[in-house]
Every structure is written in C-alpha cells, then in structure tokens.
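**Student:** Numbering (the working numbering), first residue to last: 96 to 349. Every residue gets a Cβ at the ideal spot worked out from N, C-alpha and C, and that includes glycine. Encoded as structure tokens, here's the structure I'll be asking about.
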Ligand code: OAD
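In structure tokens:
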C-alpha cells in the first residue's frame with residue numbers, strides 16, 4: 096500500500112469517525128467482491144448486452160421470455176449464491192455504531208440487509224421478490240421455478256422482478272426519503288457507483304449543496320470526482336473498508 100493511499104484511508108476514517116449523520120449511496124461496484132458483475136466497465140453486463148434491449152420495461156412487455164433468458168435467469172443464479180463482503184459488513188457495523196443513518200442503494204441484490212443494515216432504501220427495487228404482471232401478487236424469487244420461461248403466477252400472469260426497469264418511475268417514497276437523507280447527512284459515502292444513472296446520481300450533489308462532505312470509494316474516478324467529491328479513496332470497496340475500519344479503531348471513541 097503506498098503512502099498516498101494510506102493517507103486517504105486515514106482521512107476517510109477520521110471523517111467517518113467524527114460524522115454525526117453519515118449516509119451511503121451504493122452501486123453495483125460494492126457487490127463485485129461478492130461475485131456479482133457490475134453493469135458498466137470491464138466485465139460489466141452492459142458490455143455484453145444493450146440495457147435498452149434487456150432492461151427497458153417496453154422490451155420486457157414485448158418479449159418477457161427473451162429478457163428472462165438473456166438477463167434475469169443468470170442474475171437469479173448469481174444472486175442466489177452471493178454473500179455480503181467486507182464492504183457490506185462495514186456499512187452494517189457503522190449503522191450499529193450509530194454513525195450511519197441510512198443506505199440508499201441502487202442494487203437489487205439484498206446484500207446490505209443480509210449484512211445487517213436495517214435502514215436500506217432500495218432505490219431501484221429488489222430482486223428478492225417477483226410480481227405478477229396481471230394480479231400483482233408477490234412471490235419470493237427463491238420460490239420461483241424456472242422450468243418454464245417466463246415463469247408464471249398461479250393466475251397465469253407473467254412474473255417480473257420487483258425491480259425498477261428503465262422507463263419506469265422510482266417509487267416516490269424512495270425518492271422522497273433519499274432526498275431527505277441526502278439533505279440531512281454530514282458525510283455521504285458514495286461506494287461503487289459510476290454515478291451516471293439519474294436520479295440516484297443526484298443524491299451526492301444534494302448532499303454537497305447542503306454542506307456534507309462527500310467521500311467516494313471506487314477504483315476509478317466518476318463524474319462526481321472533480322467537483323462534488325471531497326475525497327476519492329481508490330480501490331475495491333471491500334479492501335478499502337477493511338482499511339478504514341482498522342484505521343477508525345484509532346479515532347473512534349464511541
Ligand atoms: P455501474 O456498473 O454503472 O458502475 C459500477 C461502478 O463500480 C464503477 O464506477 C466501477 O469503477 C466501480 N467498481 C468496480 N469494481 C468495484 C469494486 N470492487 N469496489 C468498488 N467499486 C467498484 O453500476 P451502478 O452505478 O450501480 O439500473 O449503475 C447504476 C444503475 O445502472 C443500476 O442500478 C442499474 C444500471 O443500469 C437499472 O437497472 C435501473
């Protein structure tokens with residue numbers, strides 16, 4: 096580990112350790128070390144397929160079997176196996192310490208809850224449940240049999256993940272609460288997101304405008320890095336958080 100990196104870790108630990116109301120915005124990068132591929136960048140899902148073809152609600156309505164085959168079936172297998180990594184566990188620990196007041200996640204993998212976080216806003220919905228397109232009945236994803244594609248509800252309707260597809264609205268209560276948390280926090284942790292999908296990517300802008308310190312954790316810089324972030328700690332989230340939590344032991348007296 097070089098000195099610059101160590102200093103960034105120390106700085107982040109100091110800022111987080113003295114925060115009164117920290118909030119995290121997370122994206123697919125936080126789950127990469129749990130074996131879930133990101134959407135963009137090297138090895139990303141959108142390198143292999145066009146999101147407007149497979150993740151837009153119009154495509155799903157037009158040909159649900161195709162979207163289940165191309166995207167959802169593999170995702171189900173991948174998410175069934177995934178477990179929280181040290182980054183998810185660190186955020187749960189920060190909540191238990193009373194520092195972190197909420198997680199706004201763009202992820203649908205449920206790993207923040209699996210790690211122990213209780214206040215999680217699932218901005219883009221959840222993959223843990225499927226919903227019938229006809230009767231709206233919800234069924235836990237792990238109970239869904241994939242012997243027919245697309246899988247169907249008892250009523251015969253087609254099942255879809257309870258996620259937000261492109262072309263759909265963010266649930267208004269999620270947007271409202273995310274804005275509130277972003278306005279109130281004194282530190283915002285922006286972890287593993289490319290910050291290119293709106294309105295999620297606007298939350299750090301709101302936080303910054305309201306006076307918060309914005310800390311990014313990401314191996315790459317993002318559109319937020321130059322003007323919104325106060326600090327970018329470069330590296331995989333699990334490794335970075337392991338360093339931050341170790342350094343915080345020196346600063347935190349809670
Ligand atoms: P992206 O795939 O766009 O971005 C992933 C980010 O994680 C990139 O900035 C990577 O540099 C970073 N990254 C990669 N490995 C990492 C690691 N080990 N630790 C930390 N960061 C790492 O994912 P999101 O920003 O979450 O929306 O994408 C936003 C939305 O676009 C998703 O919620 C999804 C997608 O299309 C919908 O499906 C509606």
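1. Measuring only the C-alpha atoms, how far is residue 268 from residue 303?
2. Within a Cβ cutoff of 8 Å, which residues of the same chain sit near residue 117, ignoring the five residues on either side of it in sequence?
3. Flag this pair as yes or no: are the beta carbons of residue 243 and residue 234 separated by less than 8 Å?
4. With a Cβ-Cβ cutoff of 8 Å, do residue 310 and residue 278 count as a contact?
5. The alpha helix (DSSP H) that contains residue 106, what's its start and end?
6. Where does residue 338 sit, in a helix, a strand or coil, going by DSSP?
7. Can you grab the Cα-Cα spacing for the pair residue 155 / residue 291, in whole Å?
8. Thinking C-alpha only, which one of 236, 107, 142 and 97 is nearest residue 326?
9. What whole-angstrom Cβ distance do residue 200 and residue 218 have, given they're in contact under 8 Å?
10. Which word fits residue 103, buried or exposed, when buried means at least 16 other C-beta atoms lie within 10 angstroms of its C-beta?
11. When DSSP labels each residue in this structure, what does residue 283 get in the three-state scheme?
12. How is the beta strand (DSSP E) around residue 256 delimited, first residue to last?
13. Look up residue 127 in the DSSP assignment and say whether it is helix, strand or coil.
14. For the structure I just gave you, are there three or more beta carbon pairs, one from the segment 144 to 154 and one from the segment 305 to 319, closer than 8 Å?
15. For residue 132, tell me which candidate among 324, 287, 322 and 297 has the shortest Cα-Cα distance.
16. Would the beta-carbon of residue 312 be found less than 7 Å away from any heavy atom of the ligand OAD?
17. Does any residue of chain E have a CB that is nearer than 8 Å to the CB of residue 340?
18. Is any non-hydrogen atom of the ligand OAD found closer than 7 Å to the C-beta of residue 317, if you look at the structure I gave you?
19. For residue 118, report the span of its beta strand (DSSP E) as first-last.
20. Where do the N-terminal and C-terminal ends of the alpha helix (DSSP H) with residue 231 fall, by residue?
21. Taking buried to mean at least 16 other C-beta atoms within 10 Å of its own C-beta, is residue 241 buried or exposed?
22. When the Cα atoms are used, what is the spatial distance from residue 153 to residue 216?
23. Excluding the 5 residues preceding and the 5 following residue 204 in the sequence, name in chain order all residues of the same chain whose CB lies nearer than 7 Å to its CB.
24. Would you say residue 217 touches the ligand OAD, meaning its beta carbon is less than 7 Å from a heavy atom?
**Tutor:** Answer, in terms of the structure:
1. Residue mapping note: residue 268 aligns to position 173 of the chain shown, counting from 1. Residue mapping note: residue 303 aligns to position 208 of the chain shown, counting from 1. Residue 268 and residue 303 have their alpha carbons spaced roughly 22 Å apart.
2. For the purposes of this step, residue 117 is identified with residue 22 of the chain shown, where counting begins at 1. Excluding sequence positions up to five before and after residue 117, its CB lies within less than 8 Å of the CB of 111, 189, 194, 195, 196, 280, 281, 282, 283 and 284, all in the same chain and listed in chain order.
3. For this step, residue 243 is matched to residue 148 along the chain shown. For this step, residue 234 is matched to residue 139 along the chain shown. For residue 243 and residue 234, no; Cβs fall outside 8 Å.
4. Position 215 of the chain shown, counted from the first residue, corresponds to residue 310. Position 183 of the chain shown, counted from the first residue, corresponds to residue 278. No.
5. Taking the first residue of the chain shown as 1, we reach residue 106 at position 11. From DSSP, the alpha helix (DSSP H) with residue 106 extends over 98 to 112.
6. As a working note, residue 338 is residue 243 in the chain shown. Looking at residue 338 - three-state DSSP - the assignment turns out to be helix.
7. For the purposes of this step, residue 155 is identified with residue 60 of the chain shown, where counting begins at 1. For the purposes of this step, residue 291 is identified with residue 196 of the chain shown, where counting begins at 1. Cα to Cα, residue 155 sits roughly 23 Å from residue 291.
8. Against the chain shown, residue 326 aligns to sequence position 231. Checked all of 236, 107, 142 and 97; the closest Cα to residue 326 is 107.
9. For the purposes of this step, residue 200 is identified with residue 105 of the chain shown, where counting begins at 1. For the purposes of this step, residue 218 is identified with residue 123 of the chain shown, where counting begins at 1. The Cβ separation is near 6 Å, so the contact holds.
10. The count along the chain shown starts at 1 and reaches residue 103 at position 8. Under this definition residue 103 is a buried residue.
11. Numbered from its first residue, the chain shown carries residue 283 at position 188. In the structure shown, residue 283 sits in a strand (DSSP, three-state: E or B).
12. Taking the chain shown and counting its residues from 1, the one referred to as residue 256 is at position 161. Taken as a continuous stretch (DSSP letters only), the beta strand (DSSP E) holding residue 256 covers 254 to 258.
13. If you number the chain shown from 1, residue 127 lands on position 32. Here DSSP, grouped into helix, strand and coil, assigns residue 127 to helix.
14. no
15. In the chain shown, residue 132 corresponds to position 37, counting from 1. Looking at the Cα atoms, 287 is the closest of the given residues.
16. The count along the chain shown starts at 1 and reaches residue 312 at position 217. Under cutoff, so the answer is yes.
17. Included in the structure is just one protein chain, with no chain E present.
18. For the purposes of this step, residue 317 is taken as residue 222 along the chain shown, with counting starting at 1. Yes, the Cβ of residue 317 comes within 7 Å of a heavy atom of the ligand OAD.
19. Residue 118 sits at position 23 when you count from the first residue of the chain shown. Counting along the chain, the beta strand (DSSP E) containing residue 118 begins and ends at 117 to 121.
20. Residue 231 sits at position 136 when you count from the first residue of the chain shown. Note, residue 231: premise wrong, no alpha helix (DSSP H); not H, not E.
21. The count along the chain shown starts at 1 and reaches residue 241 at position 146. Taking all protein chains shown into account, residue 241 has fewer than 16 neighbouring C-beta atoms within 10 Å of its C-beta and is therefore exposed.
22. To locate residue 153, count along the chain shown from 1; it is residue 58. To locate residue 216, count along the chain shown from 1; it is residue 121. For residue 153 and residue 216, the distance between alpha carbons rounds to 25 Å.
23. Counting from one through the chain shown, the residue named residue 204 turns up at place 109. Cβ within range, chain order: 126, 131, 174, 177 and 222.
24. Against the chain shown, residue 217 aligns to sequence position 122. No, the ligand OAD has no heavy atom inside 7 Å of this Cβ.
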